[in-house]
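Below is one structure, written out as structure tokens, with a few remarks after it.
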Amino acid sequence: GTGTMASALGAGWVRAGHEVVVGGRSRDRARRLAHGLGGTARAASQREAVTGQEVVLLAVPWAGAADVVREVGGPTGTLAGTTVIDPTNPVDFTTGALLVEPGESGAGRLAALAPGARLVKAFHLFPASRWPVARDGGAAPAVAMCGDDPVAVERVASLVRDLGGVPAALGRLDRARQLEEIAGFATSLALSGTDPRSALPSLPA
Numbered sequence: 040g041t042g043t044m045a046s047a048l049g050a051g052w053v054r055a056g057h058e059v060v061v062g063g064r065s066r067d068r069a070r071r072l073a074h075g076l077g078g079t080a081r082a083a084s085q086r087e088a089v090t091g092q093e094v095v096l097l098a099v100p101w102a103g104a105a106d107v108v109r110e111v112g113g114p115t116g117t118l119a120g121t122t123v124i125d126p127t128n129p130v131d132f133t134t135g136a137l138l139v140e141p142g143e144s145g146a147g148r149l150a151a152l153a154p155g156a157r158l159v160k161a162f163h164l165f166p167a168s169r170w171p172v173a174r175d176g177g178a179a180p181a182v183a184m185c186g187d188d189p190v191a192v193e194r195v196a197s198l199v200r201d202l203g204g205v206p207a208a209l210g211r212l213d214r215a216r217q218l219e220e221i222a223g224f225a226t227s228l229a230l231s232g233t234d235p236r237s238a239l240p241s242l243p244a
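Position 115 of the sequence shown, counted from 1, bears residue number 154 in this note's numbering, the numbering being contiguous throughout.
Set out below in structure tokens:
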């Protein structure tokens with residue numbers, strides 16, 4: 040992706056010393072973003088950007104996520120063995136309703152399109168403007184995540200720490216719907232004029 044989330048997370052990971060490859064449908068936009076990120080960041084086509092990488096961030100809107108997975112060859116195994124971070128929200132932002140069938144999750148649907156991929160749901164609750172976290176930015180945001188592969192989950196947890204966040208691993212990928220419903224719940228509250236932060240009790244850690 041070449042949008043705000045790709046830019047924000049990419050900037051933090053470049054600063055942390057990671058090699059970042061930017062892929063997008065528009066090669067020009069990918070080049071501009073890679074140039075803006077600096078460091079060793081470089082641009083590539085979407086398929087080139089995922090080939091041979093340890094981690095792939097699917098930084099695209101939910102509406103186009105499945106198409107992108109197909110375009111990079113996910114159904115034919117190009118993402119097998121790769122840690123794939125899914126920050127998408129399958130949510131109707133005019134109502135807060137989930138856009139997947141009862142009992143399924145967006146993350147699960149994407150995982151089914153990429154056999155062998157080590158998909159981890161993460162980074163879907165905080166906006167791009169929250170990343171990376173400034174050293175004096177107050178309390179670090181907790182990044183709720185889930186995934187079936189423990190190694191992939193820990194790899195994403197390390198990337199969360201590199202951005203100044205706190206990883207909160209909540210189990211296997213079948214928890215993804217619950218995490219996505221949080222986004223829908225927060226959207227519904229915001230649409231009603233309620234600050235989502237005021238709707239949850241303060242509980243001891």
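Idealized CB from N, CA, C, for every residue including glycine.
Bridge partners - residue i, DSSP secondary structure assignment
| i | result |
| --- | --- |
| Val60 | Arg81 |
| Val108 | For Val108, which the question treats as bridged, DSSP gives no partner whatsoever. |
| Met184 | Ala208 |
| Leu96 | Ile124 |
| Val130 | Leu137 |
Per-residue DSSP class, three states only, for residue i
| i | result |
| --- | --- |
| Val139 | coil |
| Leu152 | helix |
| Leu39 | No statement about residue 39 is possible, as the shown extent of the chain runs from 40 to 244 and does not include it. |
| Val123 | strand |
| Ala196 | helix |
| Leu202 | coil |
| Gly223 | helix |
| Pro171 | coil |
| Pro240 | coil |
| His74 | helix |
| Ala179 | coil |
| Thr115 | helix |
| Leu218 | helix |
| Ser46 | helix |
Environment of residue i [buried if 16+ CB atoms lie within 10 Å]
| i | result |
| --- | --- |
| Gly142 | exposed |
| Asp125 | buried |
| Arg236 | exposed |
| Ala119 | exposed |
| Gly145 | buried |
| Ala98 | buried |
Beta-carbon contacts of residue i that lie in its chain and below 7 Å, excluding the five residues immediately before and after
| i | result |
| --- | --- |
| Gly116 | Pro154 and Gly155 |
| Ser84 | Gly62 and Arg66 |
| Gly223 | Val130, Gly135, Ala136 and Leu137 |
| Leu152 | Ala105, Val108, Arg109, Gly113 and Pro114 |
| Leu164 | Ala183, Ile221 and Ala222 |
| Ala229 | Pro235 |
Cβ-Cβ separation, residue j to residue i (assumed contact under 8 Å), whole Å
| i | j | result |
| --- | --- | --- |
| Val139 | Ala179 | Actually they are not in contact, since the Cβ atoms of Val139 and Ala179 sit about 30 Å apart, beyond 8 Å. |
| Val111 | Arg86 | 5 Å |
| Ala80 | Gly49 | 7 Å |
| Ala167 | Ser46 | 7 Å |
| Leu76 | Val59 | 6 Å |
| Pro171 | Leu198 | That pair is no contact at about 11 Å. |
Neighbour flag for residue i against chain B, beta carbons, 7 Å
| i | result |
| --- | --- |
| Gly75 | In the structure shown, chain B cannot be found, because there is only a single protein chain. |
Cut-off 8 Å between Cβ atoms - residues of its own chain near residue i, not counting five sequence neighbours on either side
| i | result |
| --- | --- |
| Val195 | Val94, Thr122, Ile124, Val159, Ala161, Met184, Gly186 and Pro206 |
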